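Notes to accompany the following structure.
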Amino acid sequence: MYLNSRNTPPVLLHYRALSRRMVLGSEDKIKMKMAERGYEGETLYDEIFNSVGHEHVYIFRDVYLKIENSLAQYDSIIVSDSGAVVNEIKNYCGDYRYEKGQWFNGSRRLSDDGITQITRAVNKLLKLSEGRGPAFDVSGKVVFPNDDFRMTTDDDKVWGKIVVRSNLKKYFRSFRYGNIGARAEAIVKLIENNIGENMYFKTQTDIDRLRKGLYCGKCGEFNLLKARYHRQCGSCGAKESNETHMLRVMSDYKYLFYGESMTKKRLMTLIGDDLHPEVVRRAFAKYCYKNRKGKSTEYTFKYHDFNEAMKYLDYTSKYKNYRE
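Residue numbers for the sequence shown follow the numbering used here, so the first one is 3 and each next one is one higher.
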């Protein structure tokens, strides 16, 4: 059973928000495409695991663990009484080969080596168990969930370290024989006590380079017509409440300026003063944590992103959205 949600990663939310408000350069386009592909692979992995079932194991998804004064990222950790299994997920598509310890896509050598990564991840998790809780076995596999992935190798031992799409359901079925008793719960507790925040992702976004204002959640255009409680898109006709627009812009702000404080002045600058200050004030009070620093006040968005916040809004707001 899943113990946590697999949220859209901050790097992808950053580039999605950034691409709405400026034209991305070639390097940023590549980074956004890689982030999209990686997340698609992780969600595909989850879908296939769901189709097989995972009632006999505990599963952590996309967690950062504090181990030996550093953070280690894990795509998936599967826990049972037998120990922990780490899965590194690679959404590769096309023809690849693994030769002399190196990955190649055509003539291009890849810097991203899943075999090395899974070995490092397994060893890190083993260190977490040493002297800090129940000792447990840790193993790992690199999982390639894309059905358009093809690989050749000169090292037959590699096949024991990876799982390709054609064998993925069989691999997941092997966890049906697991047990989740007191030992598994102790391992879960140890992992939970060492989960940390992603400190690797940083942004340096210049607000002056961004397009200001509000945009349509359906088509992305900034061509919005004002009404009392809504904005209607002049391009596609979608109609969204002011509250919906506030959730979107607060989520965008969080990832455009990841790790930076949000203030009313900065947010009003981003939206081009396109909403009344009272609308902004109410949204801050309802959807943000408030932190006073001297005479100034900073705000932190309560939710992971816009989609999570909308689940709450749909139950509480009397002003509905019309996007058809």
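No residue lacks a Cβ here, since even glycine has one placed at the ideal position from N, Cα and C. Please read these numbers as outputs of a predicted model, since none were measured by experiment.
Below 8 Å CB to CB, which residues in the same chain sit around lysine 304 once its five sequence neighbours on both sides are set aside? Cβ neighbours of lysine 304 beyond the five flanking positions: Tyr289, Cys290, Tyr291 and Ala311.
Grab the span of the alpha helix (DSSP H) containing aspartate 139 for me, first residue to last. Counting along the chain, aspartate 139 falls outside any alpha helix (DSSP H), though it belongs to the beta strand (DSSP E) covering 139 to 146.
Cα-Cα separation, lysine 250 to glycine 135: First, the amino acid is wrong: residue 250 is arginine here, not lysine. Those two C-alpha atoms are separated by around 42 Å.
So, for proline 279: in the same chain, excluding its five sequence neighbours on each side, which residues have a beta-carbon less than 8 Å away from its beta-carbon? Once the five neighbours on either side are set aside, the close Cβ partners of proline 279 are Lys266 and Met270.
Does the count of Cβ pairs from the segment 35 to 45 and the segment 10 to 17 closer than 8 Å reach three? The answer is yes - the segment 10 to 17 touches the segment 35 to 45, with three or more Cβ pairs under 8 Å.
In terms of residues, what are the limits of the alpha helix (DSSP H) holding methionine 36? Residue range 28 to 54 is occupied by the alpha helix (DSSP H) that includes methionine 36.
Helix, strand or coil for alanine 19 per DSSP? Collapsing the DSSP output to three states places alanine 19 in a helix.
Glutamate 187, enclosing beta strand (DSSP E) - first and last residue: Membership of glutamate 187 in any beta strand (DSSP E) is not indicated; the residue belongs instead to the alpha helix (DSSP H) covering 184 to 194.
Apply the 10 Å Cβ neighbour rule to arginine 178 and answer buried if 16 or more other Cβ atoms are within range, or exposed otherwise. With fewer than 16 Cβ atoms within 10 Å of its Cβ, arginine 178 is classed as exposed.
I'd like the span of the alpha helix (DSSP H) that includes isoleucine 120, first residue to last. Looking at the DSSP string, the run of the alpha helix (DSSP H) that includes isoleucine 120 is 116 to 131.
Apart from the five residues on each side of it in sequence, which residues of its chain come closer than 7 Å, Cβ to Cβ, to histidine 306? Excluding residues within five positions, the ones whose Cβ falls inside 7 Å are Asn9.
Between which two residues does the beta strand (DSSP E) holding phenylalanine 286 run? Taken as a continuous stretch (DSSP letters only), phenylalanine 286 belongs to no beta strand (DSSP E), being part of the alpha helix (DSSP H) at 279 to 289.
Going by DSSP in three states, alanine 86 sits in which element: helix, strand or coil? DSSP, read as helix, strand or coil, puts alanine 86 in strand.
Have a look at the DSSP bridge pairing and note the partners of histidine 232. Bridge partners of histidine 232: Ser243.
As a quick exercise: from Ile50, Leu73 and Asp77, pick the residue whose alpha carbon is nearest that of leucine 170. The shortest C-alpha separation from leucine 170 is found at Ile50.
Residue range of the alpha helix (DSSP H) that asparagine 169 falls in? Following the DSSP letters along the chain, one finds asparagine 169 inside the alpha helix (DSSP H) bounded by residues 167 to 175.
Give a yes or no on contact between the segment 55 to 70 and the segment 195 to 211, applying the rule of three or more CB pairs nearer than 8 Å. The segment 55 to 70 is in contact with the segment 195 to 211.
Would the segment 21 to 32 count as touching the segment 155 to 164 if we require 3 or more Cβ pairs under 8 Å? By the Cβ test, the segment 21 to 32 is not in contact with the segment 155 to 164, since fewer than three Cβ pairs between them sit closer than 8 Å.
So, helix, strand or coil for aspartate 208, using DSSP? It is coil, neither helix nor strand.
Let me check one thing: in DSSP terms, what residues is alanine 74 bridge-paired to? According to DSSP, which records beta bridges pairwise, alanine 74 is partnered with Leu67.
Please state whether DSSP places lysine 292 in a helix, a strand or coil. It is a strand residue.
By DSSP, does asparagine 93 sit in helix, in strand, or in coil? Reduced to three states, the DSSP call for asparagine 93 is coil.
Near leucine 20, what residues of its chain come up, given a Cβ to Cβ distance below 6 Å and the 5 sequence neighbours on each side ignored? For leucine 20, where only same-chain residues beyond five positions count, there are no Cβ hits under 6 Å.
Could you have a look at leucine 5 and say whether DSSP puts it in helix, strand or coil? Leucine 5: coil per DSSP, three-state reduction.
Could you give the residue range of the alpha helix (DSSP H) that holds methionine 153? Run containing methionine 153: none in the alpha helix (DSSP H); it sits in the beta strand (DSSP E), 151 to 155.
Once DSSP output is grouped into helix, strand and coil, what is the label at tyrosine 60? Assignment of tyrosine 60 by DSSP, reduced to helix, strand and coil, places it in the strand class.
Reducing DSSP to helix, strand and coil, say where phenylalanine 308 ends up. Helix, per DSSP.
Would tyrosine 231 be called buried (16 or more neighbouring beta carbons within 10 Å of its own) or exposed? When all chains shown are included, tyrosine 231 counts as exposed.
Sub-8 Å separation of arginine 22 and tyrosine 217 beta-carbons: Yes, these two residues count as a Cβ contact at 8 Å.
Lysine 241: buried (16+ other C-beta within 10 angstroms of its C-beta) or exposed? Looking at its Cβ environment, which holds 16 or more other Cβ atoms inside 10 Å, lysine 241 is buried.
Under 6 Å Cβ to Cβ from glutamate 326, same chain only, skipping five residues before and after it: list those, please. With a pLDDT of only 49 at glutamate 326, under 50, the local geometry of the prediction cannot be trusted, and no value is derived from it.
Which class does serine 109 belong to by DSSP, given the choice of helix, strand or coil? Serine 109: coil per DSSP, three-state reduction.
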